[in-house]
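A quick write-up on the structure given underneath.
Residue numbers (the UniProt record's numbering): 1 to 342.
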């Protein structure tokens, strides 16, 4: 069976990544591409690397007829997604890539994103889209809320450890390096080549990064009590990739064994041999996440490192993985491509 797909926000990086992935999907056909700022243009003119594909031109969202659409990906900015999704047909399956439905408590959304939640009814039905941990809820959902790319990386490293109780919950430090595409495609002075290249810097220092809302929500629910990690992201002059280095208290071998067991049946999570550390160069352009564990020289401490591609496993690949579940398609369909190297 072939399912008709619409992508809203198709002129951004995650929209283009969705198109790249769906092009190799056996059961999906892209029927509509929404991109208000570039409406009327062809995808070949907006993204020349997609010129070989037979794609519809970009249109405004108001021009899309959703009556023939089976599933819609929303790759829009936060706040915009709430307004748009609230107006979509109530029977339409939706995978949202924005931050608008990730936080279950509307007060938390207002705290971290600075505006009141504008789609409370849709928030009630939204399922958090970290596929490996919410698989059955996603299968039965209508609206799936994709995770933040930083939040996904940190959770792949830490969730099984928190659930198993093998680390000290009050001693978690998360040092994260993320590539520039995570900031989106909009023109920003600090992301110009001359401003960004040949260096990297910390930002949102001291606990102001919005993805902390997801860490607080998910880790506290797992532990059954409040858990707050110390988290500092750094922007690096690379196009793709996230590397999360987690400093924890616990037995390193037990930590590795816990992760190995937790992810044994997961097609996209690779736990490396004990003592090996992952690299973003080994997951680039793929839906894989590599996790490594190393013992620290200080007894009773360990370093857990996770690497994924922010545009694929951290966003559009995760979205397609969830869409496969929503449509009762094999979860790995369209996603088993090998990473790009070098």
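Where a beta carbon is used, it is the ideal one built from N, C-alpha and C, also for glycine.
Checklist entry - Along the chain, where does the alpha helix (DSSP H) that runs through residue 256 open and close? => result 252-262
Checklist entry - Is residue 177 buried or exposed, if buried means 16 or more other CB atoms sit within 10 Å of its CB? => result buried
Checklist entry - Can you tell me whether residue 51 is buried or exposed, with buried defined as 16 or more other CB within 10 angstroms of its CB? => result exposed
Item to check | Cβ shell of residue 41 (< 7 Å), same chain only, five flanking positions each side left out | outcome: 57 and 58
Checklist entry - Given a threshold of 16 other Cβ atoms within 10 Å of its Cβ, counted over all protein chains shown, does residue 61 qualify as buried or as exposed? => result buried
Checklist entry - To the nearest whole angstrom, what separates the beta carbons of residue 76 and residue 98, a pair I think is in contact under 8 Å? => result 6 Å
Item to check | Nearest residue (CA-CA) to residue 63, options 82, 6 and 192 | outcome: 6
Next on the checklist: Which residue wins for smallest C-alpha separation from residue 221, given the options 155, 254, 21 and 247?
Outcome noted: 155
Checklist entry - Going by other Cβ atoms of all chains shown within 10 Å of its Cβ, with 16 needed for buried, is residue 297 buried or exposed? => result exposed
Checklist entry - Less than 9 Å separating the beta-carbons of residue 244 and residue 157? => result yes
Next on the checklist: Does residue 233 come out as helix, strand or coil in the three-state DSSP assignment?
Outcome noted: strand
Checklist entry - Near residue 45, which residues of its chain fall below 7 Å by C-beta distance, leaving aside the five closest residues on each side in sequence? => result none
Item to check | Of the residues 65, 23, 266 and 96, the one placed nearest residue 80, counting alpha carbons only | outcome: 96
Checklist entry - Measuring CB to CB, does residue 153 end up less than 9 Å from residue 242? => result yes
Next on the checklist: How far does the alpha helix (DSSP H) with residue 212 in it extend, from its first residue to its last?
Outcome noted: 212-223
Next on the checklist: Under DSSP, the beta strand (DSSP E) around residue 306 begins and ends at which residues?
Outcome noted: 301-308
Checklist entry - What does a CB cutoff of less than 7 Å around residue 122 pick up in its chain, not counting 5 residues either side in sequence? => result 85, 86, 101 and 143
Checklist entry - Roughly how many whole angstroms lie between the Cα atoms of residue 260 and residue 48? => result 41 Å
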